[in-house]
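I have placed the structure first, in the form of C-alpha cells, so that the comments after it can refer back to it.
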Amino acid sequence: MLQDNALSDPQKEQKIFYLRVVTSLLIVLGLTSVILFRYFDLQINRHNDYVTNSNNNRIHIRSVAPTRGLIYDRRGQLVADNRPSFTLNIIPESTQNIDQLLVRIGDLISLSERDIERFMKRVKRNKPFQSIPLKYNITEQERAILAVNSHILSGTEVSAQLMRHYPEGPLLAHSLGYVGRINDREIKKIDPEQYRGTDFIGKIGLEKYYEDILLGQVGTEQVETDARGRVMRILDKKDPVPGSNLSLYLDTDLQRVAMESLKGERGALVAMDVKTGGVLSMVSTPSYDPNLFTSGISQKQYDDLLYSADRPLFNRALRGQYPPGSTVKPLFGLIGLQHKIYDMDYSIYDPGYFFMEGIKRPWRDHNSDQGGHGYGVDLAEAIIESCDVFFYTTGVKTGIDLLSKESGLFGLGDITGIDLPGEKRGIMPTREWKKNKRRQEWFNGDTINMSIGQGFMLTTPLQLAVMSARIATRGEQIIPKLVKSIDGTPVEPEFAGEKISYDKKYWDYVHQAMVDVVHSNKGTARSISEGLTYKLAGKTGTAQVISINEKEKYDSSKIDKRKWDHALFVAFAPAEDPQIALGLIVENGEHGSRTAAPIARKVIDNYLSGFQQDNKSLAAARLIHDFSNPAEIN
Amino acid sequence: MYKYDFVRQLNTKGGDRHQNPFHIDVTLILILFVLCLIGLFVLYSASEQSFYYVKRQATFMLAGFIGMLIVAQFPVRFWERIAVIFYAAAVLALLAVLMFGIEAKGATRWLNLGFTRFQPSEIAKIAVPLMVSVYLSRHVIPPSVKHVVGALLIVAVPAFLILKQPDLGTSILVFASGFFVLFLAGLRKRYLAGAFFSALAAIPILWLYVMRDYQKQRVLTLLSPEDDKFGAGWNIIQSTTAIGSGGLSGKGWTEGTQSQLNFLPESHTDFIIAVLAEEFGLFGVLGLCTLYLLLVGYCMIIAINAQSQFARLMAGSISLTFFIYIFVNMSMVSGLLPVVGVPLPLISYGGSSIVTLFFGFGILMAISSEPKRIGTWR
C-alpha cells in the first residue's frame with residue numbers, strides 16, 4: 058500500500074526493467090536450449106531409429122503373384138488355365154472409416170455378408186498398407202460403377218489378376234480338383250511368404266497334390282508409396298517364377314465317353330494305360346463344376362452339393378469302397394494255381410450251394426437260379442460263368458493268409474500310390490485285421506465270404522483298375538499316375554515292386570478265361586462281344602449293398618433302387634497285347650454284365666480306335682521325318 | 006580522432022535518429038526479410054512444390070511489410086493513447102465471435118465482415134499487451150497488489166472469451182503476452198512464486214472442469230503416441246519421424262519423404278518446422294534458431310533503449326510473445342508439448358498470423374525509431 062502512493066522513480070524503474078530483461082533473456086536462452094536439446098536428441102541420438110521408421114512408412118514390399126502352372130491333357134488340350142479377373146480391394150489405412158466405406162460400396166454394387174465377413178477377418182491379420190480383397194470377380198458393369206464413383210471411394214482399388222478356370226467344368230472335376238481361397242486351417246500350414254501374392258491354394262485333386270509345383274515362386278516389388286498407399290515409384294523388383302505346367306495321361310475325349318456312359322448313374326470308372334500306369338480316364342458321377350469354387354461358391358450352392366443324396370463332391374473312383382464281388386475271381390484263381398492249391402484240371406461238382414463242415418447254413422451260388430453249374434466245373438468255367446461254389450471250395454483250401462498276402466501284390470488292401478490326395482485303402486482282411494477291428498478270431502466262413510469278393514473285403518474302383526492292369530501285364534506292379542510330364546520332363550513310370558513271377562501257363566490260362574467271359578457263348582459278359590474287332594478280357598461282378606450306403610440319408614422315392622446290388626466290371630484289351638485296363642462300378646446297377654460291361658466296352662472301343670489312329674499318325678510323322686532328313690537313313 | 010568526437014557523438018545520437026524521417030529500422034527489416042525468405046523456401050517444399058501457397062504467402066508478407074511500415078509512422082504516444090479503444094474493440098469483437106462467429110471444425114473463431122473474414126483473437130494478441138503496458142506504465146512499478154489484480158483482469162477477459170471459442174492455445178498465448186508485461190514491470194518475486202504454484206494447482210482444475218475431451222486427448226497422446234498410431238498419435242509420430250530422420254544435414258530441399266509423400270500432416274502450416282528439420286537437418290534447425298534469437302535479442306535491445314516506460318513494456322512483451330510462439334510450436338511438433346494450434350512465426354503458412362506479427366514489429370519499429378535522449382545505450 059505504501060508503494061501505491063510513492064512517487065515514481067524513473068531510474069529505479071528502468072533498473073528493475075533492465076534486470077527483468079536480462080532474466081527474460083536467460084529464460085529465452087534456457088528454453089531455446091531445451092528445444093535444441095530435443096532436436097539434437099531426435100536428429101542425432103535417435104536418428105537411425107527414425108530413418109527406419111520413415112523408410113517403413115514409405116517403402117513397402119509388394120508381392121507379385123506367380124502364374125499358376127497350366128494343366129494339359131494327353132493331347133495337349135488345356136484343362137486348367139488362368140483367366141483375367143477383376144477384384145475390388147481396400148487399403149484400410151487409406152480410408153477414414155471402413156464401415157462407412159463398406160456401406161457406400163454396398164449401395165453401389167452387391168456385397169454379400171460373406172464378402173464382408175471374410176474381408177474383416179483379413180483386415181486383422183494383414184500388414185499395414187496392403188490392399189485386401191473385398192469382392193472377387195467383379196463384372197464390367199460393376200467396374201464402371203466403381204470408376205464413376207471413385208471420388209467417394211478413397212482407399213479402394215480394382216486390381217486385375219489371373220483366376221483359375223477349368224474349361225471342361227464337371228468333366229475332370231474329380232481328378233483335377235480345384236483351387237479355392239486359403240482358409241484359416243491352411244494358413245497355419247503354409248509358408249506365408251510363398252503365398253503373399255495369391256489368395257488361392259489347391260484344395261483337392263491334382264491342384265492340391267501338385268500345389269508346390271503349380272504355385273511357382275512369388276515375386277516381389279519394392280515400392281515407394283505415399284500416405285494414402287498410392288504407389289509413387291518402383292524401387293526394386295524381383296520377377297515371379299511361374300508354376301510348372303503339368304501334362305496328364307488323361308484323355309479328355311475318352312473321359313467324355315466314360316462320363317456320357319455313366320450319365321444318370323452313381324458310379325465310377327478308372328481306365329489305365331497298362332504300360333505306364335497312366336490314368337487315361339477317371340470318372341465319378343455325378344460330378345460338379347469346379348469353377349464354382351474358384352469364383353466363390355455361395356452357401357446355398359455349396360449346401361446343395363454337400364447334402365445331395367447323390368454326393369457329387371464324393372470322388373467314388375478314389376474314395377468309394379465297395380465289395381469287389383466276382384471281379385476278384387480271376388485273381389484268386391490265379392493265386393490258387395500258382396501256389397499249387399489245385400491245378401488247371403481240377404474240377405468240382407456244383408449243386409448250387411456249398412456246405413462248410415460244422416455249419417448248417419449253406420452258401421448259395423448267386424449266379425445260378427436253378428440248381429448249380431453241375432459236374433466238371435473247373436477254374437476257367439468258374440471264371441467264365443462266375444461260379445461261386447468253385448471259389449467257396451477252393452477259397453477255404455487256399456486260405457486267408459495266402460489270398461491276403463498275394464492280393465496285396467495286385468494292389469488290393471492298400472493305397473495304390475496314385476498322385477492324388479485322399480486315396481482310400483479299401484480292406485483286404487487278414488487274421489490280425491479281424492482281431493484288431495472286430496476282436497474276433499478269423500473263421501473259415503469269413504474266407505468263404507471273401508472268396509467271392511464279399512464279406513469284409515472292400516476295394517476302390519481305382520484298385521480294381523490297378524488289379525486288372527497288373528493281371529494284364531502279367532505281374533508288372535505298375536503304380537497309377539495322372540501326370541505324364543512336368544514342364545515337358547517326363548515323369549518316369551513307378552512300380553510298387555518286382556514283377557510278380559507267376560508261371561506263364563497260369564497267366565495264359567487266366568487271360569484266356571477272362572477273354573472267354575466276353576467272347577464265349579457261356580460268358581457272363583457275352584452280350585458285349587458283338588462286333589468286337591479285338592479281344593477283350595473282362596470279369597463281371599455284383600456286390601451286395603453295404604458300405605457307403607449305410608451312412609446315407611435315404612430318399613424315400615429312391616429307397617428301393619438304392620438297395621439294389623452294385624454292378625462291377627474289370628477289363629483289359631487287347632488280350633494278346635494289353636494296352637488299357639479298367640475297373641468300374643455302377644451303384645445299384647444290379648448286374649455287372651448288363652449295366653457295367655457295356656460301359657467298359659464303349660470306353661475301350663474309343664481308346665483303341667484313337668490309339669490306332671495315334672500310331673498311324675505317329676508312323677506317318679516318322680516317315681515324313683525320315684524323308685526330310687535323308688542323312689539319318691544312313 | 007577529433008578531440009570532441011565523444012561529446013559530439015553524445016549530442017548527435019538522438020539527432021541521427023531524427024534524421025530517420027521514415028522511421029525505418031534496417032536491421033529489423035533485414036532479419037525479418039531473411040526469415041520470410043527462408044519461410045517461402047520451406048513452404049514451397051511443404052506444399053508439394055506448388056507455387057499456390059508460396060504466392061499467397063508472399064502476398065501476405067508484402068502486405069505485412071507495408072502494414073509494418075505504416076504502423077511505424079505513428080508515434081509511440083499514439084498507440085499509448087488509442088490503447089483503451091483498441092482493447093475495447095478487441096473485447097467487443099471477441100464477444101461478437103461468440104455470438105455471430107463462423108463455425109469451422111468445432112470451433113468458432115472467425116468473424117465475417119462481408120468483404121473478408123478475420124480472427125478477433127489475433128487483434129487480442131496486440132491489444133492485450135498494449136492495454137496492460139499502458140495500465141502499468143501509469144502506475145509505480147513494481148506494481149502493487151491492486152494493479153496486479155487490475156492487470157490480470159485486463160488479461161483475463163479476452164483470454165476467457167478466446168477459451169470459450171474454444172481455442173486453448175491462443176488463450177494461453179494471449180494470457181502470456183499480458184503476463185510478460187507484468188513480469189517485465191517487476192512483478193514481485195513472491196507474486197511470481199504465487200503465480201507459479203497457483204498454476205500448478207490449477208492443472209487438476211483445468212483437467213477436470215475446463216479442458217475438453219479433445220484437449221485432454223492431446224495431452225494423453227503426447228505421453229504415449231503409440232497408443233493410437235493411426236488416430237490421435239499419428240501427427241506426433243509422423244512429425245518426430247520427419248525430424249529424427251532428417252539427421253544432421255537433412256535429406257535435401259524437396260527431398261523429405263515424410264513431407265513429400267504426405268505422411269506429415271499440416272506440413273505447410275503448424276508442422277512446417279518438421280519439414281525444415283527433415284530436409285535441412287539439425288543444421289537447418291540451428292540456423293533458424295540463431296536467426297530467431299538474433300531477432301528476439303535485437304527486439305530486447307529496442308525495448309531497453311525505449312524512451313518511456315510504456316514503450317519498454319510493450320516492446321519487451323512483443324519480443325517475449327514472439328519467442329513463446331517459437332517455443333510452443335517447436336516443442337509441440339517435436340513432442341515436448343501437447344498439440345495446440347500455434348503456427349511457427351514467419352515460416353508457417355497463414356495470413357492472419359503474418360499480419361499480426363508484422364503489426365507487432367511495426368510498433369517495435371516505431372519504438373526503435375523514436376528520438377532518443379542522450380546517454381541511452383545502443
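Chains as they are written, first to last, in my numbering: chain A, 58 to 691; chain B, 6 to 383.
Even glycine gets a Cβ: it sits at the ideal position worked out from N, Cα and C.
Notebook entry, point to check: Would you call the stretch 101 to 118 of chain B and the stretch 137 to 150 of chain B touching, i.e. three or more CB-CB distances under 8 Å?
Noted result: no
### Message
Less than 8 Å between CB atoms is the rule here; does residue 104 of chain A satisfy it with respect to chain B?
### Response
At least one chain B Cβ lies under 8 Å of residue 104 of chain A.
Our contact map puts residue 411 of chain A next to residue 509 of chain A with C-beta atoms below 8 Å; I'd like the distance itself, whole angstroms only. Rounded to the nearest angstrom, the Cβ distance from residue 411 of chain A to residue 509 of chain A is 10 Å, too far for a contact under 8 Å.
With distances taken between CB atoms, is the gap from residue 326 of chain B to residue 182 of chain B smaller than 8 Å? yes
**Prompt:** CB-CB under 8 Å to residue 542 of chain A, same chain, minus the five flanking residues each way: which ones, in chain order?
**Reply:** 303, 304, 548
Check your understanding: Going by alpha carbons, who is nearest to residue 463 of chain A out of A:389, A:494, A:108?
Key -> A:389
> residue 308 of chain B versus chain A: which residues are under 7 Å apart at the beta carbon?
Replying inline: Around residue 308 of chain B, the beta-carbon contacts reaching into chain A at under 7 Å are 78.
Name, please, each residue of chain A whose Cβ falls closer than 7 Å to the Cβ of residue 323 of chain B. Under the 7 Å cutoff, chain A gives no residues; its nearest Cβ is about 12 Å from residue 323 of chain B.
Checklist line | Candidates A:307, A:211, A:173, of which the one nearest residue 193 of chain A by Cα | finding: Among A:307, A:211, A:173, the Cα nearest to that of residue 193 of chain A belongs to A:173.
Three or more C-beta pairs below 8 Å linking the stretch 28 to 42 of chain B and the stretch 254 to 268 of chain B
no
Report yes if the CB atom of residue 407 of chain A is closer than 8 Å to the CB atom of residue 382 of chain A, and no otherwise. no
- Query: Can residue 557 of chain A and residue 654 of chain A be called in contact, C-beta distance under 8 Å?
  - Reply: Not closer than 8 Å, so no.
Measure the C-alpha to C-alpha separation of residue 115 of chain B and residue 335 of chain B and round it to an integer number of angstroms.
25 Å
Minimum length 4: unbroken alpha helix (DSSP H) runs contained in the stretch 197 to 239 of chain B:
218 to 228
* Asked: Once you ignore the five residues that flank residue 514 of chain A on each side, which residues in its own chain have a CB closer than 7 Å to its CB?
  -> Same-chain partners within the cutoff: 380, 381, 484, 485, 486, 507.
Legend entry - Interface residues of chain A facing residue 104 of chain B [CB-CB closer than 7 Å]: Those do not exist, as residue 104 of chain B stays about 33 Å from chain A at its closest Cβ, beyond 7 Å.
What residues match up with residue 119 of chain A in a beta bridge as DSSP calls it? BP columns for residue 119 of chain A point to A:278.
If you draw a straight line from the C-alpha of residue 562 of chain A to the C-alpha of residue 569 of chain A, how long is it? 10 Å
Considering residue 357 of chain B, what are the terminal residues of the alpha helix (DSSP H) in which it resides?
356 to 373
For this session: Give the DSSP-derived three-state secondary structure of residue 507 of chain A in the structure shown.
Result: In the structure shown, residue 507 of chain A sits in a helix (DSSP, three-state: H, G or I).
Report task. Note down, one range per segment and in chain order, each beta strand (DSSP E) of at least 3 residues found wholly within the stretch 123 to 160 of chain A. Result -> 135 to 147
Query raised in the report: How close, in whole Å, do the beta carbons of residue 146 of chain A and residue 188 of chain A come, if the pair is a contact with beta carbons under 8 Å?
Result: 4 Å
* To do: Would you kindly check if the distance between the Cβ of residue 119 of chain A and the Cβ of residue 264 of chain A is under 8 Å?
  => no
Original post:
Where do the N-terminal and C-terminal ends of the beta strand (DSSP E) with residue 259 of chain A fall, by residue?
Top reply: 257 to 261
Pull the bridge partners of residue 295 of chain B from the DSSP assignment, please.
Answer is none; residue 295 of chain B lacks a bridge partner.
Item to complete: Establish whether the CB of residue 240 of chain B and some CB of chain A are separated by less than 8 Å.
Response: no
*asked:* So that I know if they touch, is there some Cβ in chain A lying closer than 8 Å to that of residue 335 of chain B?
replied: yes
| query | If you run the structure through DSSP and keep just helix, strand and coil, what is residue 44 of chain B? | reply | helix
Open item on the list: Against chain A, does residue 117 of chain B count as a neighbour if the rule is that its beta carbon must be under 8 Å from one of theirs?
Closed with: So no, residue 117 of chain B is outside the interface.
Item checked: Inside the stretch 32 to 95 of chain B only - alpha helix (DSSP H) runs reaching at least 4 residues -> 56 to 78
Best match in A:170, A:307, A:211, A:126 for proximity to residue 719 of chain A [C-alpha to C-alpha]:
Absent from the structure is residue 719 of chain A, since the part of chain A shown begins at 58 and ends at 691.
Q. In chain B, what lies closer than 8 Å to residue 285 of chain A by C-beta?
A. 267
- Task: Measure the alpha-carbon distance for residue 85 of chain A versus residue 230 of chain B and round it to whole angstroms.
- Result: 28 Å
C-alpha distance - residue 169 of chain A paired with residue 641 of chain A, whole-angstrom precision = 42 Å
Hey, residue 373 of chain A and residue 325 of chain A are a contact pair by Cβ (cut 8 Å); roughly how many whole angstroms apart?
4 Å
Which whole-angstrom value describes the C-beta separation of residue 278 of chain B and residue 338 of chain B, a residue pair presumed to lie in contact below a C-beta threshold of 8 Å? 5 Å
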